[in-house]
Amino acid sequence: MKALIYVEQRDGKVRTATLEAAGAAAALGCDELHAVFVGDGLAADALAGAGVSKLFLVPPSDSYSPEYHAAAVAELARDGGYDIVFFAATQRGKEIAPLAAVGRRAAFLGDVLELAADGGGVKAKRSLYGGKLFGWFSAPAPLVVTTRPKMFAPASGEGEPAVEERPAPAAPEKRAVLIESHASAGGKVDLTEADIIVSGGRGMKDPANFAILEELAELLGGVVGASRAAVDAGWRPHSDQVGQTGKVVSPQVYFAVGISGAIQHLAGMSSSKVIVAVNKDPEAPIFKVADYGVVGDAMKVVPALSAEIRKKKGG
Amino acid sequence: MKILVLVKRVPDTAASIRITGEGASIAQDVEWVMSPYDEMAVEEAVRIKERAGAEVVAVSLAPEGAVSHIRLALEMGADRAVHLVDSQPDRDAWSTAKALAEVVKEEAPDLVLAGRTAVDMDQSFVAPAVAALLGLPFLSSAVKLDLEDGKAVVRRETEGGHEVLEAPLPCVVTAQKGINEPRYPSLKSKIKAKKKKVDTRPAPEFEALVKLETLAYPPQRQAGRILGEGVEAVPELVRVLSEEVKII
Ligand SMILES: Cc1cc2nc3c(=O)[nH]c(=O)nc-3n(C[C@H](O)[C@H](O)[C@H](O)COP(=O)(O)OP(=O)(O)OC[C@H]3O[C@@H](n4cnc5c(N)ncnc54)[C@H](O)[C@@H]3O)c2cc1C
Ligand SMILES: Nc1ncnc2c1ncn2[C@@H]1O[C@H](COP(=O)(O)O)[C@@H](O)[C@H]1O
Numbered sequence: 003m004k005a006l007i008y009v010e011q012r013d014g015k016v017r018t019a020t021l022e023a024a025g026a027a028a029a030l031g032c033d034e035l036h037a038v039f040v041g042d043g044l045a046a047d048a049l050a051g052a053g054v055s056k057l058f059l060v061p062p063s064d065s066y067s068p069e070y071h072a073a074a075v076a077e078l079a080r081d082g083g084y085d086i087v088f089f090a091a092t093q094r095g096k097e098i099a100p101l102a103a104v105g106r107r108a109a110f111l112g113d114v115l116e117l118a119a120d121g122g123g124v125k126a127k128r129s130l131y132g133g134k135l136f137g138w139f140s141a142p143a144p145l146v147v148t149t150r151p152k153m154f155a156p157a158s159g160e161g162e163p164a165v166e167e168r169p170a171p172a173a174p175e176k177r178a179v180l181i182e183s184h185a186s187a188g189g190k191v192d193l194t195e196a197d198i199i200v201s202g203g204r205g206m207k208d209p210a211n212f213a214i215l216e217e218l219a220e221l222l223g224g225v226v227g228a229s230r231a232a233v234d235a236g237w238r239p240h241s242d243q244v245g246q247t248g249k250v251v252s253p254q255v256y257f258a259v260g261i262s263g264a265i266q267h268l269a270g271m272s273s274s275k276v277i278v279a280v281n282k283d284p285e286a287p288i289f290k291v292a293d294y295g296v297v298g299d300a301m302k303v304v305p306a307l308s309a310e311i312r313k314k315k316g317g
Numbered sequence: 294m295k296i297l298v299l300v301k302r303v304p305d306t307a308a309s310i311r312i313t314g315e316g317a318s319i320a321q322d323v324e325w326v327m328s329p330y331d332e333m334a335v336e337e338a339v340r341i342k343e344r345a346g347a348e349v350v351a352v353s354l355a356p357e358g359a360v361s362h363i364r365l366a367l368e369m370g371a372d373r374a375v376h377l378v379d380s381q382p383d384r385d386a387w388s389t390a391k392a393l394a395e396v397v398k399e400e401a402p403d404l405v406l407a408g409r410t411a412v413d414m415d416q417s418f419v420a421p422a423v424a425a426l427l428g429l430p431f432l433s434s435a436v437k438l439d440l441e442d443g444k445a446v447v448r449r450e451t452e453g454g455h456e457v458l459e460a461p462l463p464c465v466v467t468a469q470k471g472i473n474e475p476r477y478p479s480l481k482s483k484i485k486a487k488k489k490k491v492d493t494r495p496a497p498e499f500e501a502l503v504k505l506e507t508l509a510y511p512p513q514r515q516a517g518r519i520l521g522e523g524v525e526a527v528p529e530l531v532r533v534l535s536e537e538v539k540i541i
């Protein structure tokens, strides 16, 4: 099968989630792997060693527009006769991929966890009903697939892709365009791509107390998340929410601090490799899913944990 | 101004979901509700109506008799509803989008509101597909929506920041958590809703591209080890994180 990977870049580097999408394509047995980047300034060796043999460059539109990106991908997918187009299921990927699928008249499988070849098409595993069930779906080519971050091993392969320039696509005149963008300094790692997440809930009592979670996260190279109760209280931004109506995350380690473990929260984090819970209530449901638990006051346990880690790292 | 809101019926997020029969369907005796993001979409439409005046039409493709979520939309303030009665056994997201797009085309609204995702299939496909099928601009995951000079201006959150996008009307906008707090209908609005019209008609059928083959339960997580109480447990936790989990 012939596959096309949509490339996303961040801070001058190809996103890991993109490399994972390429990895998914290779693992599926796609023998021809090409990539497309819409925009300026892709690092020349960006896809070196990612098993991609050809890289198409499409000039950017004046300002980011999902319809423009989708048109670029759909046109190329059609012209090149690709069986599958892969996107990483990031914020951008999730908005462009469905539009590209319609443009290509292709079947769509979003946020897939596993893939297997199935005749001329694929079988894909997806999470349903907030992680309460898995479903296996089948679909024929042509296809558009988005892969959930951290579910596929990043691609590896030899050499650098040959680069080919493409003209701007025939994008619709009436389209959505970006008019303002504000990013905080440093650009936090996306929760869905983080290896370590330290989440706080209502048990943190006060937004200022999240400082102790920030400290622990920083020590471990992780990021801070939150339960809906913490978000609804206005302590944390909505983009930090983990759960059925927030983000679904699968980090190496998930710390749930002052979080009771409601079913809608579990929906977002129960696929974490290791769960550590800190809660003062020994009966809290979170302990039923946690690999390691500490019963106690977060305000005491978390600073002590940070101090101990610092000590260990120092010595 | 006419606003169409796409609303889907899903199992309550607290419901336990059971697989029945040959493995590709779920027990239907769960509590069904309107998908949470669709409630936000209805709320946003009704607020625009209250602010600036608009006709709000709720549209749902749902099985025969599945009307409680449609009624809720009317009770929240939608003026009328279209119920596309679904009897296609292999209905997928594509055929859903095509059926809904026909209604959007026929109604020719100034704005289509939908949820960021439906919390059952969690695919975020139907709303952008409706937009693309009709050539309407698509603005996703709005935490704020303003309508001005024939344009929709949407703010949305990105990791550690936010961005603003705009598109000319008519367009499709999906609601993300944070856009509003959906209201609980008052008794008065419930009574008023009884008189509102639901146009019930068969949903057009379209070829399905994606087929659900099997359903399975995820492996159950086992309760692990309580390492201890309070700060006394910290040295053991650090040992575990360093020797077993290997992140320190
Ligand atoms: C449609 C719908 C969608 C939802 N979506 C989500 C979602 O996406 N994400 C989500 O998280 N929730 C979601 N919820 C809400 C969910 O049901 C819970 O209400 C929420 O997860 C509770 O958050 P919490 O655990 O922080 O708060 P609580 O349930 O109040 O738990 C606080 C915990 O902190 C502990 N605690 C208190 N003080 C301390 C202390 N000093 N030290 C240590 N522990 C302490 C308590 O023992 C308790 O266990 C949703 C609900 C609905 C109906
Ligand atoms: N059967 C349906 N009837 C009406 N609206 C729907 C239906 N399915 C999906 N939608 C709309 O599309 C959004 C995204 O759904 P999904 O693509 O399933 O995640 C939902 O939040 C609804 O607004």
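Residue numbers (the working numbering), protein chains in the order written: chain A, 3 to 317; chain B, 294 to 541. No residue lacks a Cβ here, since even glycine has one placed at the ideal position from N, Cα and C.
Going by DSSP, residue 80 (chain A) is part of the alpha helix (DSSP H) stretching over 68 to 81.
The residues 404, 405, 424, 429, 430, 431, 432 and 445, in chain order, have a CB closer than 8 Å to that of residue 464 (chain B) in the same chain once the five nearest residues on each side in sequence are set aside. Contact annotation: in the segment 428 to 446 of chain B, residues whose CB is within less than 7 Å of a CB in chain A are 428, 430, 431, 432, 433 and 436. For the segment 528 to 540 of chain B, the residues whose beta carbon sits under 8 Å from a beta carbon of chain A are, in order, 528, 530, 531, 533, 534, 535, 538 and 540. Runs of the beta strand (DSSP E) spanning 3 or more residues and lying entirely within the segment 336 to 380 of chain B occur at 348 to 355 and 373 to 378, in chain order. At a C-beta separation below 7 Å, residue 294 (chain A) has these neighbours in chain B: 517, 518, 520, 530 and 533. No heavy atom of ligand 1 is found nearer than 7 Å to the CB of residue 312 (chain A).
Membership of residue 212 (chain A) in the alpha helix (DSSP H) is indicated by the continuous run 212 to 222. Legend: CB atoms of the segment 464 to 495 of chain B lying less than 8 Å from CB atoms of chain A belong to residues 464, 469, 470 and 471. Contacts with chain A (Cβ-Cβ distance below 7 Å) from the segment 404 to 422 of chain B involve 412, 413, 414, 415, 416, 417, 418, 421 and 422, listed in chain order.
With 16 or more other Cβ atoms inside 10 Å of its own Cβ, residue 222 (chain A) counts as buried. Contact annotation for residue 265 (chain A) against chain B: 306 and 307 [CB-CB distance below 8 Å, chain order]. For residue 321 (chain B), the shortest separation between its Cβ and any heavy atom of ligand 2 does not lie below 7 Å. Distance from the C-beta of residue 389 (chain B) to the nearest heavy atom of ligand 2 is below 7 Å. Its Cα nearest to that of residue 510 (chain B), the residue A:131 stands out among A:154, A:197, A:220 and A:131. Judged by beta-carbon spacing, residue 535 (chain B) lies beyond the 8 Å limit of residue 368 (chain B), meaning their Cβ atoms are not closer than that value. In this structure, the beta-carbon distance from residue 506 (chain B) to residue 237 (chain A) does not fall below 8 Å. Under the criterion of beta carbons closer than 8 Å, residue 16 (chain A) and residue 48 (chain A) qualify as touching, at roughly 5 Å. Put simply, the backbone Cα of residue 265 (chain A) is about 23 Å away from that of residue 300 (chain B). Taking 7 Å as the cut-off, one finds no heavy atom of ligand 1 near enough to the beta carbon of residue 290 (chain A). Collapsing the DSSP output to three states places residue 289 (chain A) in a helix. Looking at the DSSP output, residue 455 (chain B) shares a beta bridge with A:184 and B:450.
Among the residues of chain B, those whose CB is under 8 Å from the CB of residue 254 (chain A) are 538 and 540, following chain order. One thing to note: residue 165 (chain A) has its Cβ within 8 Å of the Cβ of residue 57 (chain A).
Look at residue 301 (chain B): its beta carbon is less than 7 Å from one of the heavy atoms in ligand 2.
According to the DSSP assignment, residue 64 (chain A) belongs to no alpha helix (DSSP H), since it is labelled neither H nor E. In this structure, residue 22 (chain A) places its C-beta atom within 8 Å of the C-beta atom of residue 156 (chain A). The three-state secondary structure of residue 330 (chain B), taken from DSSP, is helix. Interface flag for residue 296 (chain B) against chain A is unset, since no Cβ pair is found closer than 8 Å.
Unbroken alpha helix (DSSP H) runs of no fewer than 4 residues, entirely contained in the segment 449 to 525 of chain B, are found at 480 to 486, following chain order. The count of Cβ pairs closer than 8 Å, one atom from the segment 384 to 398 of chain B and one from the segment 443 to 462 of chain B, stays below three, leaving the stretches out of contact. Spanning the alpha carbons of residue 158 (chain A) and residue 172 (chain A) requires a straight line of approximately 33 Å. Pairwise C-beta distances place the segment 175 to 195 of chain A in contact with the segment 65 to 76 of chain A, as three or more of them are shorter than 8 Å. Among the CB atoms of chain A, one or more fall inside 8 Å of the CB of residue 504 (chain B). Residues of the same chain with a CB within less than 8 Å of the CB of residue 272 (chain A), apart from the 5 flanking positions on each side, are 133 and 291 in chain order. Taking a 10 Å sphere around the C-beta of residue 293 (chain A), we find 16 or more other C-beta atoms and assign the residue as buried.
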